[in-house]
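In the working numbering, the protein residues as written are -3 to 620. Structure first, then comments.
See below:
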């Protein structure tokens, strides 16, 4: 009877196989629009046949077939294609993020001509030119003050706009870090579920789809790669670091840092080491905040700092119509109230650092004169000290050019009295303060005896900011200026004394009687001429060059981001279309599969009906 009832078992297997196939096709149709879903197919094989000992193999060779069996239900997926999509996805997200934010930055610089910073600065220079022609005019002085106030307002508005973009990016960084950590935990949880499912003999297709989707979403945020040490240990890497290993995940944290931005930095939560990402939206956001927007703000601060410093240098040495002299035209708040710039940098209660922006030597120099001495000057740079040599045959102008052409964060020029001026620039590293001279040293006598900046030569006579009262290393009588508070472009304003009495605006220089001679507009002429002065700290450019370069650079970077985004979109569209052609659900194809397996189901059911009739005949009618 075993062989008799085996026919019913054969039919049952066929029905079950066709049922699984129909169910799988229905599952595909149901998830046709599910993100990350891969179509599935039933893997069918013939059931193991039977060997019948009494079969005369010479007359009837072969085994007795037992029908069909479902071996597995597999998802249709190209793993190599998935790896390429993960690798390319972070680049698409990177350029998309940069393009979005550079559109915002471009809008900041694309101001209407009549209210732009450049237009307001042009009007400011024109007001001084008018004052030089009419130095006795109160109306001309009022025009200078009014246009200066308009200019400072527009500078502060630009800073606020750039800082606003930086704050927006910082908020996005915080939200993105939370997403990255959430995806890491979800991937680890999926790994654990997949391992449990496989241990029970199941094929966790839907869990695998979910994990792949999480990996792809995370690849948009940071530059990751995947690997598998064995079937039970799926891993995610970033920059050679394992961030997900099986059911264990690592998280990123945000910790405060001491710099002029007030922003936090990314670290690994378990070690506290810096977390660096070179791709994805998170990498783009950090780069935009800490490099691009920071550079734009630093450039604006550089322009503002030098603009105010140069105008003040002339104005404080000139005299107003009311005989008042020694007034700075612009007021910028010093970083510290200590007269020597002493500051407690590490917060332990002791003054340990000197924040000084500018040194001015005591000796008058002729820029065309040969120095007749040699040595090596050492200045602070972005990653360490930078050495600048000078030789007997060098002129003063050559030595100054060599300082400015170096990679140091100290620049030089001769002021109107032909005294050597050393100024600090903005710092490339966020760990170093802006507008702070950190180290000045000379093995010879150019900075010491020749120009009168330092009091002594060699390492013993070096100026180093990492100590209180570092200005004691300067030559007697040399002048210095305490560094301004962070972001001078946010706080620049016209001196209140000038706003209260416009007759304090200085147009000429004091004579022996302590007043400016009638019609003396020399100081106003000098201030108006600053417009074309090539003493921009950090680039040695004119102010007009600054405005042209900033707009051009922003425009080019925005264009670069847009172009690369379009290119990356095209690449990703091709990859996703290829994946959809392999793993995507085609409803018409699935309906055809359902119809095919429905016919198989009906045939198997008919087979069982026939076999049941045969058994009934054998048992009930033949009396077996």
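Idealized CB from N, CA, C, for every residue including glycine. These numbers were taken from a predicted model, which means no experiment stands behind them.
Distance from the Cα of residue 165 is smallest, within the candidate group 279, 491, 432, for 279. Counting other Cβ atoms within 10 Å of its Cβ, residue 609 stays below 16 and is therefore classed as exposed.
According to the DSSP assignment, residue 438 belongs to the beta strand (DSSP E) that extends over 435 to 438. Taken in chain order, the whole beta strand (DSSP E) runs of length 3 or more contained in the stretch 207 to 265 are 221 to 224, 230 to 234, 237 to 241, 248 to 252, 260 to 264.
Of the residues 573, 600, 560, the one whose Cα lies closest to the Cα of residue 87 is 560.
For residue 420, the enclosing beta strand (DSSP E) begins and ends at 415 to 420. Excluding sequence positions up to five before and after residue 244, its CB lies within less than 8 Å of the CB of 184, all in the same chain and listed in chain order. The Cβ-Cβ distance between residue 407 and residue 399 falls below 8 Å. In the three-state scheme derived from DSSP, where H, G and I count as helix and E and B as strand, residue 267 is classed as coil.
The shortest CA-to-CA distance from residue 294 to any of 97, 85, 431, 119 is the one to 431. In the structure shown, residue 600 falls within a helical segment according to DSSP collapsed to helix, strand and coil.
Distance between residue 542 and residue 296, taken at the CA atoms: about 9 Å. By the Cβ neighbour-count rule, residue 265 is exposed, with fewer than 16 other Cβ atoms within 10 Å of its own. Ranked by Cα distance from residue 223, the first of 81, 232, 169 is 232. Excluding sequence positions up to five before and after residue 260, its CB lies within less than 7 Å of the CB of 250, 251, 252, 253, all in the same chain and listed in chain order. By the Cβ test, the stretch 340 to 356 is not in contact with the stretch 500 to 517, since fewer than three Cβ pairs between them sit closer than 8 Å.
Here DSSP, grouped into helix, strand and coil, assigns residue 103 to helix. A straight line joining the alpha-carbon of residue 189 with that of residue 203 spans about 8 Å. Ranking 583, 216, 31, 314 by CA distance to the CA of residue 82 puts 216 first.
The stretch 443 to 459 makes no contact with the stretch 378 to 385, as fewer than three CB pairs between them are under 8 Å. When DSSP states are grouped into helix, strand and coil, residue 582 belongs to the coil group. Spatial neighbours of residue 95 in its own chain (CB-CB distance under 6 Å, excluding positions within 5 residues in sequence) are listed in chain order as 557, 558, 561.
Sequence-distant Cβ neighbours of residue 341 in its own chain, meaning closer than 7 Å and more than five residues away, are 348, 349. In the structure shown, residue 12 adopts helical secondary structure according to DSSP, grouped into three states.
Along the stretch 475 to 543, the alpha helix (DSSP H) occurs as fully enclosed runs of 4 or more residues at 492 to 496, 518 to 525, listed in sequence order.
In the structure shown, the three-state DSSP call for residue 42 is strand. Ranked by Cα distance from residue 18, the options 616, 495, 586, 613 are led by 586. Scanning 227, 209, 315 for the CA closest to the CA of residue 509 turns up 315. Less than 8 Å separates the beta-carbon of residue 500 from that of residue 493.
An exposed status is given to residue 1, since fewer than 16 other beta-carbon atoms sit within 10 Å of its beta-carbon. In the DSSP assignment, residue 140 falls within the alpha helix (DSSP H) that extends over 134 to 195. As the crow flies, the alpha-carbon of residue 565 is around 16 Å from that of residue 78. Counting C-beta pairs closer than 8 Å gives three or more between the stretch 22 to 35 and the stretch 63 to 76, which meets the contact rule.
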